[in-house]
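S.K.: My structure is below; once you've seen it, I'll send some questions.
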Amino acid sequence: MNGMEQSATVRRINDQIERWHHKPSNRRGCVIFEKDGVCELQGIDGRSFYAKRADLDNNEVWERIL
Numbered sequence: 001m002n003g004m005e006q007s008a009t010v011r012r013i014n015d016q017i018e019r020w021h022h023k024p025s026n027r028r029g030c031v032i033f034e035k036d037g038v039c040e041l042q043g044i045d046g047r048s049f050y051a052k053r054a055d056l057d058n059n060e061v062w063e064r065i066l
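Per full-length UniProt numbering, residue 1 is the first one in the sequence shown, and the count goes up by one each step.
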């Protein structure tokens with residue numbers, strides 16, 4: 001097995017993580033908490049930012065990263 005292959009466990013965990021790209025700001029983050037339709041996303045810099053779940057459905061502004 002080469003170093004680039006992922007175990008089944010790692011693939012399963014990665015499939016559960018919601019990653020989003022905010023197109024206007026070019027900011028990317030993972031959903032770390034959600035309550036009452038508001039998502040807390042954490043960027044790679046560790047800072048949190050927020051978006052409504054309904055706003056994430058707007059494909060002109062948000063893109064789900066797979």
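Glycine included, each C-beta is placed from N, C-alpha and C at the ideal position. Treat the numbers as computed from the prediction; the structure is a model and nothing was measured.
1. Looking at the unbroken alpha helix (DSSP H) that takes in Val10, where does it start and where does it end?
2. Please report how far the alpha carbon of Met1 lies from the alpha carbon of Gly43, in whole angstroms.
3. Nearest-angstrom Cα distance between Lys52 and Asn14?
M.R.: So, from the listed chains and residues:
1. Position 10 of the sequence shown, counted from the first residue, corresponds to residue 10. Note, Val10: alpha helix (DSSP H), Ala8 to Gln16.
2. Numbered from its first residue, the sequence shown carries residue 1 at position 1. Numbered from its first residue, the sequence shown carries residue 43 at position 43. Unreliable positioning characterises Met1 in this predicted model, as indicated by a pLDDT of 46, which lies under 50. A coordinate reading is not provided.
3. Stepping through the sequence shown from its first residue, residue 52 is reached at position 52. Stepping through the sequence shown from its first residue, residue 14 is reached at position 14. Spanning the two alpha carbons is a distance of roughly 22 Å.
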